[in-house]
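Participant: Residue numbers (the working numbering), protein chains in the order written: chain A, 5 to 117; chain B, 2 to 112.
For glycine and all other residues, C-beta sits at the position ideal for the given N, C-alpha and C.
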């Protein structure tokens, strides 16, 4: 069991730059989620895929954010024109069909300077 | 509008004693509840869960209690160990996919 893998672990960028994060879920899981966590808060839901279909997006996900899961396996989360308010831990999780138990990766810590 | 609330930001407990972490929720649609544990620089790790049709679920040293009428759940850890020191998040869901998390409680178990 390799678990959920996220890359990179840390990303420092300048305001206005674009960044992309990758998530590899547990191989037999067909559901994939992106969450964001800021200091002192719990993880907040961003978006959810079942296989390659993006089925739900939070209102937190502005137009500058886009997520894809092209072949129903790995997923990418892109943030365009980053802002300082985007600084956070971006967490990816996966689960099987009908599974409420999410398995999280170690996250990507984004710092926007 | 915080639908899942953990009102205690931190808790200190002596090793070997019981740790009780509390969580309140406001959305009566929630039908499944989970506790996650998080160490610094790591993602949350699933600990234990409970369906709304039950009032108790036990797994080793961890027990979760659900009081639906009070919209309250609690996590009991007995006996507490230093390795239990972490941030604990309560989460709830309905429809089975989007978890709503509380802000977490930092548990410190003192040797």
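1) Give the interface partners of residue 49 of chain A over in chain B, defined as CB-CB distance under 8 angstroms, in chain order.
2) Give me the residue from B:81, B:70, B:4 with the minimum Cα distance to residue 61 of chain B.
3) Residue 22 of chain B to residue 65 of chain B, Cα distance in whole Å?
4) Taking a contact to mean a Cβ-Cβ separation below 9 angstroms, would you say residue 1 of chain B touches residue 13 of chain B in this structure?
5) Under 7 angstroms Cβ to Cβ from residue 83 of chain B, same chain only, skipping five residues before and after it: list those, please.
6) Could you tell me the boundaries of the beta strand (DSSP E) in which residue 25 of chain B lies?
7) Can you give the Cα-Cα distance for residue 30 of chain B and residue 53 of chain B, rounded to whole angstroms?
8) State the beta-bridge partners of residue 14 of chain A as determined by DSSP.
9) So if I threshold CB-CB distances at 9 angstroms, which residues from the stretch 67–80 of chain A count as touching chain B?
10) Are residue 109 of chain A and residue 46 of chain A touching if we call contact CB-CB under 9 angstroms?
11) Taking the continuous beta strand (DSSP E) assigned at residue 129 of chain A, which residues delimit it?
12) Extract the residue ranges of the beta strand (DSSP E) inside the stretch 27–108 of chain B, only unbroken runs of 3 or more that lie entirely within it.
13) Determine the burial state of residue 41 of chain B: buried for a count of at least 16 other Cβ atoms within 10 Å of its Cβ, exposed for fewer.
14) Looking only at C-alpha atoms, which of B:28, B:19, B:75 sits nearest to residue 7 of chain B?
15) Under 9 angstroms Cβ-Cβ, which residues of chain E neighbour residue 52 of chain A?
16) Tell me whether the beta-carbon of residue 22 of chain A lies closer than 9 angstroms to the beta-carbon of residue 113 of chain A.
17) Since residue 104 of chain A meets chain B, which of its residues come closer than 8 angstroms, beta carbon to beta carbon?
18) What residue range is occupied by the uninterrupted beta strand (DSSP E) comprising residue 73 of chain A?
19) Below 7 angstroms between beta carbons is the criterion; list the residues of the stretch 9–33 of chain B that meet it against any residue of chain A, in chain order.
Facilitator: The structure says:
1) Correct list: 99, 100, 101.
2) B:81
3) 9 angstroms
4) Given a span of 2 to 112 for chain B in the structure shown, any question on residue 1 of chain B remains unanswerable.
5) 16, 110, 112
6) 20–26
7) 10 angstroms
8) A:113
9) For the stretch 67–80 of chain A, the set of residues with a beta-carbon nearer than 9 angstroms to any beta-carbon of chain B is empty.
10) no
11) One cannot answer for residue 129 of chain A here, as it falls past the ends of chain A, which runs 5 to 117.
12) 33–39, 46–52, 57–60, 63–68, 73–78, 87–94
13) exposed
14) B:75
15) No chain E appears in this structure, whose protein chains are A and B.
16) no
17) 33, 35, 50, 94, 97, 98, 100
18) Counting along the chain, residue 73 of chain A falls outside any beta strand (DSSP E), and DSSP gives it neither H nor E.
19) 33
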